[in-house]
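K.L.:
One structure coming up, written as structure tokens, with questions to follow.
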Amino acid sequence: MRRIGRVAASCAALFCLAAAPADSPVNVPEPEGLYAGPPKGYTPPTLTGAAVVDAASVAALMAGPDKPVLIDVAAPDRKPSNFPAGRLWLPVHPSVPGAVWMPEAGAEPLAPEREALFYQRVAELTGGDKAKPVIVFCHVECWGSWNAAKRLVRKGYTGVRWFPEGVEGWQEKNETANLRVDPAWKAASETQAGR
Amino acid sequence: MTFRIGQTLSSLALGLALATTALTPAVWAAGASDTDQERAARWQEIAKSIFGDRQIAPTDSLVKIDAPVRALDAALVPITLTMPNDGQIKAVSLIIDDNPAPYAAKFEFGPAADPTELKLRVRVNNYTDMHAVVETQDGKLYEAKQFVKASGGCSAPMGMSDEEAMKGMGDMRMKFAETGPGKPVEATLMVRHPNFSGMQMNQVSRDYTPARYIDKLTVSAGDQTVFTLTGDISIASNPVINFAFKPDGKPIQVAASDNQGGRWQHSFNPPAPTN
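Protein chains in written order, with the working numbering: chain V, 1 to 195; chain B, 1001 to 1275.
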């Protein structure tokens, strides 16, 4: 709770609440399109065209017969640009076991080739079944998963579940697994960085 | 793990109905061991990169970590390290395994130190094991472990502008606890410094505040060192360190530096012992 207070306090201090999609943290309306504001902040309680699920529902889906595709779009830990060369830097990304990690696939704007790759990867992961359950998440109070889920709804996926509590909600009662970035997503990032 | 299996077995003894329900967590526990193995493997990797091939033996007497199992604020997690005060502890390292920069702090004790109880506040980024590793005077290493539930502490913004956070940077205060003659004195050092982790984003500009943290802090009692702290981005903003020292009537000197060239020095007079 302190963390929520902290974010709210920082927003208030920086007068950024006016830029947020709503005045009230508990009733943030859905934006018209994708959300292009600060990636961390209060999110709406809904996502039209997708179901909103909690950790228990995610666990139930995972235990059920129709295994969901789990997509984690959380940003990786960012190494400080001035972090001393000699110090130990060993970031780790605990997440829902079995999830596919495509960092920042919920960014807005997103480069067209990244967006295309995101759709391609989801098509591969769902085996082209647009009704397959797809669970999209990142962290709590993170717009990335909202945007990524919205992208899939727009693309015609009908089984989209948005899991707003993200890994923080999951780890309360469930075991996590440390993920590596999806190889295809990583390869594309490196190609882009190398250009 | 052993504990959970033990629970299951005792439930079995209680009766079939209970045993059936108890089996569910046992199945779940089989999955959990993956996580435990993952944590153990990570600790091996970290320990090797910090201590090389040196052996680290488990201990429950040479160092103990007290931390809240569930932290109220991941950016401000209070840690207490307890060690024996018989001169055998040379240094203690605090490692927060699942922080991106796991090596949070190293305290090297000098002749004026009383390492009985050392407190500091740290940032915790993920549910994690924490390790305290002590080095004894004979050069041996011993470890203690504690699991902490907190997340997001390294990137949590301070709730104020960078300028405001840096106001009075390097200011220090020290409080002394009452003491009797010849007894170690407990002291609390408070340093004003944002200790920016470099992972905190300004939500408006979306720029990251560059890392600026205390990398070295030495406390001395007269000419004798109490401890030298090597710090990192995992130490919470506005560091507060509780420690104890052997007084010799001389002032306590604190010298601190940060990774951006900041240098500060302060002197404090401990109270005269009361009879």
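Backbone N, C-alpha and C define an ideal beta-carbon position, used for all residues, glycine too.
Just so you know, these numbers come straight off a predicted model, no measurement behind them.
Less than 8 angstroms between the C-beta atoms of V/A55 and V/G144, yes or no?
P.N.:
Working through the first sequence from its first residue, we reach residue 55 of chain V at position 55. Working through the first sequence from its first residue, we reach residue 144 of chain V at position 144. No, the Cβ-Cβ distance between V/A55 and V/G144 is not below 8 angstroms.
K.L.:
Would you tell me roughly how many angstroms separate the C-alpha atoms of B/A1236 and B/R1192, rounded to the nearest one?
P.N.:
Walking along the second sequence from the start, residue 1236 of chain B turns up at place 236. Walking along the second sequence from the start, residue 1192 of chain B turns up at place 192. Straight-line Cα distance between these residues: approximately 11 angstroms.
K.L.:
Compare the C-alpha of B/V1134 against each of B/E1163, B/D1114 and B/L1094 and name the closest.
P.N.:
Against the second sequence, residue 1134 of chain B aligns to sequence position 134. Cα-wise, what sits closest to B/V1134 is B/L1094.
K.L.:
From the beta carbon of V/E175, is the nearest beta carbon of chain B less than 8 angstroms away?
P.N.:
Stepping through the first sequence from its first residue, residue 175 of chain V is reached at position 175. Taking Cβ atoms only, chain B reaches closer than 8 angstroms to V/E175, which makes this a yes.
K.L.:
By the 8 angstroms beta-carbon criterion, what residues does the stretch 1172–1201 of chain B contribute toward chain V?
P.N.:
Residues passing the 8 angstroms Cβ filter: S1197, G1198, M1199 and M1201.
K.L.:
Please give the ranges of any alpha helix (DSSP H) in the stretch 42–72 of chain V, keeping only runs that are unbroken, at least 4 residues long and fully inside the region.
P.N.:
Taking only runs of at least 4 residues, the alpha helix (DSSP H) segments lying wholly in the stretch 42–72 of chain V are 55–63.
K.L.:
Do you know offhand how far V/L110's Cα is from V/V73's?
P.N.:
Taking the first residue of the first sequence as 1, we reach residue 110 of chain V at position 110. Taking the first residue of the first sequence as 1, we reach residue 73 of chain V at position 73. So the two alpha carbons sit approximately 13 angstroms from each other.
K.L.:
Run the CB neighbour count on B/S1197, radius 10 Å, all protein chains shown included, and call it buried at 16 or more, exposed below.
P.N.:
Along the second sequence, one-based indexing puts residue 1197 of chain B at 197. The residue in question, B/S1197, is buried, as its Cβ has 16 or more Cβ neighbours within 10 Å.
K.L.:
Starting from B/R1042, find everything on chain V with Cβ-Cβ shorter than 9 angstroms and list it in chain order.
P.N.:
Residue mapping note: residue 1042 of chain B aligns to position 42 of the second sequence, counting from 1. Chain V residues near B/R1042: L90, V92 and N178.
K.L.:
What does the alpha-carbon distance come out to for the pair B/D1232 and B/A1150?
P.N.:
Residue 1232 of chain B sits at position 232 when you count from the first residue of the second sequence. Residue 1150 of chain B sits at position 150 when you count from the first residue of the second sequence. B/D1232 and B/A1150: Cα-Cα distance of roughly 18 angstroms.
K.L.:
Would you identify the three-state DSSP class for V/W185, choosing helix, strand or coil?
P.N.:
Here residue 185 of chain V is taken as the residue at index 185 of the first sequence, counted from 1. It is helical.
K.L.:
Out of B/F1147, B/G1159 and B/R1121, which one is the CA nearest neighbour of B/M1190?
P.N.:
As a working mapping, residue 1190 of chain B is identified with position 190 in the second sequence. Ranking the options by Cα distance to B/M1190, first place goes to B/R1121.
K.L.:
DSSP puts B/I1241 in a beta bridge; with which residues?
P.N.:
As a working note, residue 1241 of chain B is residue 241 in the second sequence. Partner(s): B/L1189.
K.L.:
Within the 8 angstroms Cβ cut-off, does B/N1259 reach chain V?
P.N.:
Your numbering for residue 1259 of chain B matches position 259 in the second sequence. Closer than 8 angstroms to some Cβ of chain V, the Cβ of B/N1259 qualifies, so yes.
K.L.:
Buried or exposed, going by whether 16 or more other CB atoms sit within 10 Å of the CB of V/R151?
P.N.:
Taking the first residue of the first sequence as 1, we reach residue 151 of chain V at position 151. So V/R151 counts as buried.
K.L.:
Tell me the rounded alpha-carbon separation between B/P1100 and V/P112.
P.N.:
By 1-based counting over the second sequence, the position of residue 1100 of chain B is 100. By 1-based counting over the first sequence, the position of residue 112 of chain V is 112. Computed Cα separation, rounded: 31 angstroms.
K.L.:
Out of curiosity, what's the CA-to-CA distance linking V/A80 and V/A116?
P.N.:
On the first sequence, residue 80 of chain V is found 80 positions in, with the first residue counted as 1. On the first sequence, residue 116 of chain V is found 116 positions in, with the first residue counted as 1. It is worth fixing the name first, because residue 80 of chain V is Pro in this sequence and not Ala. Cα to Cα, the separation comes out at about 30 angstroms.
K.L.:
In angstroms, rounded to a whole number, what distance separates the CA positions of V/H93 and V/A123?
P.N.:
The count along the first sequence starts at 1 and reaches residue 93 of chain V at position 93. The count along the first sequence starts at 1 and reaches residue 123 of chain V at position 123. Going by the C-alpha atoms only, they are around 24 angstroms apart.
K.L.:
Tell me B/Q1146's beta-bridge partners as DSSP assigns them.
P.N.:
Position 146 of the second sequence, counted from the start, is the residue given in the question as residue 1146 of chain B. DSSP lists B/M1130 as partners of B/Q1146.
K.L.:
Residues bridged to B/E1108 by DSSP?
P.N.:
Start at 1 with the first residue of the second sequence, and residue 1108 of chain B comes out as number 108. Answer by DSSP bridge pairing, in chain order: B/A1091 and B/T1228.
K.L.:
I want to know whether the stretch 1139–1156 of chain B touches the stretch 1237–1245 of chain B - three or more CB-CB distances under 8 angstroms.
P.N.:
The stretch 1139–1156 of chain B vs the stretch 1237–1245 of chain B: no contact.
K.L.:
Compare the C-beta of B/T1021 against all C-beta atoms of chain V and say whether one is closer than 8 angstroms.
P.N.:
Locating residue 1021 of chain B in the second sequence gives position 21, counting from the first residue. Reliability of the predicted coordinates at B/T1021 is poor, the pLDDT of 39 falling under 50, and no value is obtained from them.
K.L.:
If we count the other Cβ atoms within 10 Å of its Cβ and call it buried at 16 or more, is B/L1023 buried or exposed?
P.N.:
In the second sequence, counting from the first residue as 1, residue 1023 of chain B sits at position 23. Residue confidence for B/L1023 is low, a pLDDT of 38 falling below 50, so the modelled location carries little weight and cannot support an answer.
K.L.:
Are the beta-carbon atoms belonging to B/A1112 and B/T1225 less than 8 angstroms from one another?
P.N.:
To locate residue 1112 of chain B, count along the second sequence from 1; it is residue 112. To locate residue 1225 of chain B, count along the second sequence from 1; it is residue 225. Yes, the Cβ-Cβ distance between B/A1112 and B/T1225 is below 8 angstroms.
K.L.:
Can the beta-carbon of V/V100 be found closer than 8 angstroms to that of V/L61?
P.N.:
Looking up residue 100 of chain V in the first sequence gives position 100. Looking up residue 61 of chain V in the first sequence gives position 61. No, the Cβ-Cβ distance between V/V100 and V/L61 is not below 8 angstroms.
K.L.:
On the three-state DSSP scale, how would you describe B/M1172?
P.N.:
Within the second sequence, the letter at position 172 stands for residue 1172 of chain B. In this structure, B/M1172 counts as strand in the three-state DSSP scheme.
K.L.:
Take every Cβ of the stretch 1052–1070 of chain B, pair it with every Cβ of the stretch 1135–1144 of chain B, and state whether three or more of those distances are shorter than 8 angstroms.
P.N.:
Judged by Cβ distances under 8 angstroms, the stretch 1052–1070 of chain B makes contact with the stretch 1135–1144 of chain B, as three or more pairs qualify.
K.L.:
Answer with yes or no whether the minimum CB distance from B/S1093 to chain D is below 8 angstroms.
P.N.:
Absent here is chain D; the protein component of the structure consists of chains V and B.
K.L.:
Quick one, which of B/D1098, B/M1201 and B/N1085 has its alpha-carbon nearest B/T1035's?
P.N.:
Residue numbering aside, residue 1035 of chain B sits at position 35 when the second sequence is read from its first letter. It is B/D1098.
K.L.:
Measuring CA to CA, which of B/Q1137, B/I1096, B/P1102 and B/D1086 is closest to B/D1114?
P.N.:
Counting from one through the second sequence, the residue named residue 1114 of chain B turns up at place 114. Looking at the Cα atoms, B/D1086 is the closest of the given residues.
K.L.:
Whose C-alpha, out of V/G41, V/P103, V/T158 and V/A184, is nearest the C-alpha of V/D200?
P.N.:
In the structure displayed, chain V extends from 1 to 195; residue 200 of chain V sits before or after that span and is not available.
K.L.:
At the level of alpha carbons, what is the spacing between B/D1223 and B/V1124?
P.N.:
Position 223 of the second sequence, counted from the first residue, corresponds to residue 1223 of chain B. Position 124 of the second sequence, counted from the first residue, corresponds to residue 1124 of chain B. Distance between the alpha carbons of B/D1223 and B/V1124: 35 angstroms.
K.L.:
Using a 10 Å radius around the Cβ and a threshold of 16 neighbouring Cβ atoms, would you call B/P1271 buried or exposed?
P.N.:
For the purposes of this step, residue 1271 of chain B is identified with residue 271 of the second sequence, where counting begins at 1. B/P1271 is exposed by the Cβ-count criterion.
K.L.:
Below 7 angstroms CB to CB, which residues in the same chain sit around B/P1251 once its five sequence neighbours on both sides are set aside?
P.N.:
Locating residue 1251 of chain B in the second sequence gives position 251, counting from the first residue. Contacts found: S1267, F1268 and N1269.
K.L.:
With burial defined as no fewer than 16 other Cβ atoms inside 10 Å of the residue's Cβ, what is the status of B/V1254: buried or exposed?
P.N.:
Position 254 of the second sequence, counting from 1, holds the residue named residue 1254 of chain B. Looking at its Cβ environment, which holds 16 or more other Cβ atoms inside 10 Å, B/V1254 is buried.
K.L.:
Within the present structure, is the beta-carbon of V/W101 separated from the nearest heavy atom of the ligand PLP by less than 7 angstroms?
P.N.:
With respect to small molecules bound, the structure shown includes none, and the ligand PLP cannot be examined in it.
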